[in-house]
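>
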Amino acid sequence: MPRSNNDKPPLFYVADGTWPEVTLASDAPLSAHCGLLLARDLRRTMRSRDLSLRGLAEVACVAHSTVARVVNGDVLPDIGTLTRLEDALDHQLWPGPSAVRSAAVSMPRTVGR
Numbered sequence: 007m008p009r010s011n012n013d014k015p016p017l018f019y020v021a022d023g024t025w026p027e028v029t030l031a032s033d034a035p036l037s038a039h040c041g042l043l044l045a046r047d048l049r050r051t052m053r054s055r056d057l058s059l060r061g062l063a064e065v066a067c068v069a070h071s072t073v074a075r076v077v078n079g080d081v082l083p084d085i086g087t088l089t090r091l092e093d094a095l096d097h098q099l100w101p102g103p104s105a106v107r108s109a110a111v112s113m114p115r116t117v118g119r
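Numbering (this note's numbering), first residue to last: 7 to 119.
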């Protein structure tokens, strides 16, 4: 499903590395940086709470495949999914615009894909 401005899923913009420890392409849009920050935080939070994909999915009332796709950078979550995940974890996952902009500037970037 196309996103606003036809941005591709975050994983599309990986230039080097293995998700989520990656370098994004220099032309990666802010949405890709947001998806990367969100995936890293979601993975870290799940690990710190010893939550599996299925465990979180059950508590959040979302499909486990959706949680997996967000963690793996295959999709950006819609606002309903994001809200349910944050509520289930009692933790803000959305990094916010200033964090995304900072990440886009500070992350190592490469040319092309």
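Quick reminder that beta carbons are idealized off the backbone N, C-alpha and C, glycines included.
No experiment lies behind these values; they were computed from the predicted model shown.
What alpha helix (DSSP H) runs, 4 residues minimum, are completely inside the region 64-102?
Entirely contained in the region 64-102, the alpha helix (DSSP H) runs reaching 4 residues are, in chain order, 70-77 and 85-95.
> Buried or exposed: which applies to Val106, given that a residue is buried once 16 or more other Cβ atoms fall within 10 Å of its Cβ?
Locating residue 106 in the sequence shown gives position 100, where the first residue counts as 1. Buried, since its Cβ has 16 or more Cβ neighbours within 10 Å.
> Take Asn78 and list the residues in its own chain whose beta-carbon comes closer than 8 Å to its own, dropping the five residues that flank it on each side.
Translated into positions along the sequence shown, residue 78 becomes position 72. Excluding sequence neighbours, Asn78 sits near Leu17, Trp25 and Ala45.
> Determine, using beta carbons only, whether Arg49 and Cys67 come nearer to each other than 7 Å.
Residue 49 sits at position 43 when you count from the first residue of the sequence shown. Residue 67 sits at position 61 when you count from the first residue of the sequence shown. In this structure, Cys67 does not lie closer than 7 Å to Arg49 by Cβ.
> For Leu95 and Thr51, which I take to be in contact (beta-carbon distance under 8 Å), what is that distance rounded to the nearest angstrom?
On the sequence shown, residue 95 is found 89 positions in, with the first residue counted as 1. On the sequence shown, residue 51 is found 45 positions in, with the first residue counted as 1. Correct: roughly 6 Å between the Cβ atoms.
> What does the Cβ neighbour count give for Ala69, buried or exposed, with the cut at 16 atoms within 10 Å?
Taking the sequence shown and counting its residues from 1, the one referred to as residue 69 is at position 63. So Ala69 counts as exposed.
> Just mark Arg55 as buried or exposed, buried being the case when its beta carbon has 16 or more other beta carbons within 10 Å.
The residue given as residue 55 occupies position 49 in the sequence shown. By the 10 Å Cβ count, Arg55 comes out exposed.
> Distance check for Pro101 and Ala38, CA to CA, integer angstroms please.
Residue numbering aside, residue 38 sits at position 32 when the sequence shown is read from its first letter. Residue numbering aside, residue 101 sits at position 95 when the sequence shown is read from its first letter. Taking the straight line joining both Cα atoms gives about 12 Å.
> With a CB to CB cut of under 8 Å and the five nearest residues on each side skipped, what residues in its chain are close to Glu92?
Taking the first residue of the sequence shown as position 1, residue 92 is located at position 86. Counting only Cβ-Cβ distances below 8 Å, and skipping sequence neighbours, we find Gln98, Leu99 and Trp100.
> Based on DSSP bridge pairs, tell me the residues matched to Gly61.
Numbered from its first residue, the sequence shown carries residue 61 at position 55. The partner list for Gly61 (beta bridge, DSSP) is empty, contrary to what the question assumes.
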